[in-house]
Every structure is written in C-alpha cells, then in structure tokens.
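Numbering (my numbering), first residue to last: 108 to 298.
Here the structure comes first, spelled out in structure tokens, and everything after it is commentary.
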C-alpha cells in the first residue's frame, strides 16, 4: 500500500486513487466513510501535464476523472474501500457511467504498490460475481495525480441543490448509507 509518512502522534495513512465516472460522485461517497481523512478530486492516467477540466472533458488528454483517497487502515480496510468502489458505480460499462460518456469516465484503479495491485486484482475478481457482464475496470500504476480545480473540491456538499447533485449524486450517497452503514463516519447521516 502507499504509505504516507505521519507527523508525530498522527495515525498511519495510506492512499488510493479510483476513477468510476464523475469525480463529484466518488468524492461524495468516499468522504462519508470512517477512517477517510481526505478525498481530492483530480485527474490521472493521461498524457499531458497539468490538465484542465476542459481538456479532460474533451476526451483528448487521456486522463480519467478520479479521486485520491487518504485513509487510516486501522479504521477502514483497503478491501472495504474496494467493495464500496465496485458497488457504487457500474464497472461493466466501458468509458461510461450513466449519461457521462467518454474515456474520462472510465472505471479505473491506479495502484501505488505491488500490494495494492494484487489486492485490486483480487477485489475485481471477487466483485465479478455481482455482475452478469464482464467487469472492465482498468488496473494501472499511478504515475501522476493532478488535483482538479478548486471549484470541483467538495462539490456535492457545496452544491446539494444543483440538479446533477440531486439526480445523480444523491442516489449514490443514499445507496452508500443503506448498503454500507457500518462503514460510515460519525458525521454521515445514516438511512
């Protein structure tokens, strides 16, 4: 796992990067989990440095919209993060989540260590039993992560009344709370 050096007295932290459709959706889901200290929306897997949202949305940069999650493995296991990931998006649709279409919305796990790669492959294989179609989730090494522009960070919490938030993100958050209530942090509303 990718270990983040803690400051004195701070808990140990690891990092994982997922793409599964719009990063606003993933951010809203993962920030409600216990042991998750930070979720940053961003871009990874493309060819140019410092991509903008417009470049990524054009589909020509090769980047995926992703979230980078920092978590305390003593509070939430990597395996549990993987279960949430494979449950709250459709990993069987290539380059698409609902009406969001393009390579920037692909299902992808960017690993940072051999252990993460192995755990991701095992989780993908285990998740296949939930789906009748083959899982197309890409598992690739993380080469670079670029944080998205500031207005993307915390989007759902800052814009809950926007139509996209109500129609697309809110149902995913509700599914998280119903399906994974045992993994929620103390500030997340349970169903």
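Even glycine gets a Cβ: it sits at the ideal position worked out from N, Cα and C.
- Residue 224 and residue 244 have their C-alpha atoms some 13 angstroms from each other.
- Taking residue 145 as reference, the option from 285, 175 and 283 with the minimal CA-CA separation is 175.
- Between residue 276 and residue 263, the beta carbon gap of about 5 angstroms places them in contact (Cβ cut-off 8 angstroms).
- In this structure, 252 is the residue among 252, 198, 238 and 221 with its C-alpha nearest to the C-alpha of residue 173.
- DSSP places residue 267 outside any beta strand (DSSP E), giving it a letter other than H or E.
- When DSSP states are grouped into helix, strand and coil, residue 254 belongs to the strand group.
- Judged by DSSP secondary structure, residue 171 falls outside any alpha helix (DSSP H) and instead within the beta strand (DSSP E) spanning 171–178.
- The beta-carbon distance between residue 125 and residue 192, rounded to whole angstroms, is 5 angstroms. This is short enough to meet the 8 angstroms contact definition.
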